[in-house]
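Taking the UniProt record's numbering, the leading residue of the sequence shown gets 1, the next gets one more, and so forth. Virtual Cβ for every residue (Gly too), placed ideally from N, Cα, C. Notes to accompany the following structure.
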Amino acid sequence: MGCSFEEWHDIIETLRPANRFLTFHRQGLGQSDIGEGVYSTESAVRDLNELLTYFQIEEPIYLVGHSYGGLCAQHFAKVYPERLAGVILVDSTSVNLKELDELDTPVMNEESDEAWIEKCLDFADKDKEELREIIKPVLSEPHLQFPKVVQERLLDFQITPTLYKAMASEIQQWKNDAEVIKELGGFPDVPLMVIGRDSEFTINAEMDSGIPLEELRRFEEKWRELISNQGSLSPKSEVIFADNSGHSVYLDRPDLLVECIHRMISYGNPSK
């Protein structure tokens, strides 16, 4: 949610020689057009299926989803199981994300979904130059290792008003989406890798955020539990926690993502 596929640049370039990739920005993100509809995991599932059909991709795919993208991936897996060869969930949002709201974390709870939605709707009414002044987009250390053209696209991504319109809708829908996904039935019997972040690394990175340490620990313990529970989705699952990585595992540990994708493909194609 709110992230560009450009952040996967190094992973894709590493794997590109032997693999085909389809990366896309959901409606309103990047250069993807936005309409007047509701943006949700259901709309993301519909759009991905239409893209696969458009590009005549008929063979089963390996679907990789990070964070909110992981919630979309879980939805897709249940609606189109025949399209999948395997799934990799990267520090994925859980279908039980409501449990995070039930934690005794009053300081963290000040940043509620409602406050987030209000901020997004305010940003959606701004133009690019106004957003540039408000947000003052910057690049992280890993971003600075990317080619200049990718860096420019990442900066532009952050000041696109439709991004915030789409995010507001996705946030409004995601808890209901999670309940819908649970009601869709079982996860397909395909290989599944669940990758979670390093709790201690994440806590240390947030020490100067003003959030009490006990709240950070409480939240990370629940997050780790929810990630671990995703391993029960498929009998062919593996759960891995990425050392020295926060939520953006693909930036902190691209080596691990490359290794896991290689292993997933080899699992489905033993000759490779």
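- Going by DSSP, M193 is part of the beta strand (DSSP E) stretching over 192-196.
- Excluding the 5 residues flanking it on each side, D127 has same chain C-beta neighbours closer than 7 Å at P161, in chain order.
- When the Cα atoms are used, K222 and R46 turn out to be separated by approximately 31 Å.
- Our two residues, I227 and S248, have alpha carbons roughly 14 Å apart in a direct line.
- Straight across, the Cα-Cα distance linking Y54 with L22 is about 12 Å.
- According to the DSSP assignment, H66 belongs to the beta strand (DSSP E) that extends over 61-66.
- Annotation: K119 to D198 spans about 29 Å, alpha carbon to alpha carbon.
- About 34 Å separates the beta carbon of M193 from that of I135, a gap too long to meet the 8 Å contact definition.
- When DSSP reads this structure, I240 sits in a beta bridge with I195.
- In this structure, G2 is the residue among G2, D243, G246 with its C-alpha nearest to the C-alpha of I117.
- Positions of the alpha helix (DSSP H) runs, each at least 4 residues long and wholly inside the segment 10-88, are given as 41-54, 68-79 in order along the chain.
- In the DSSP assignment, V249 falls within the unbroken alpha helix (DSSP H) covering 249-252.
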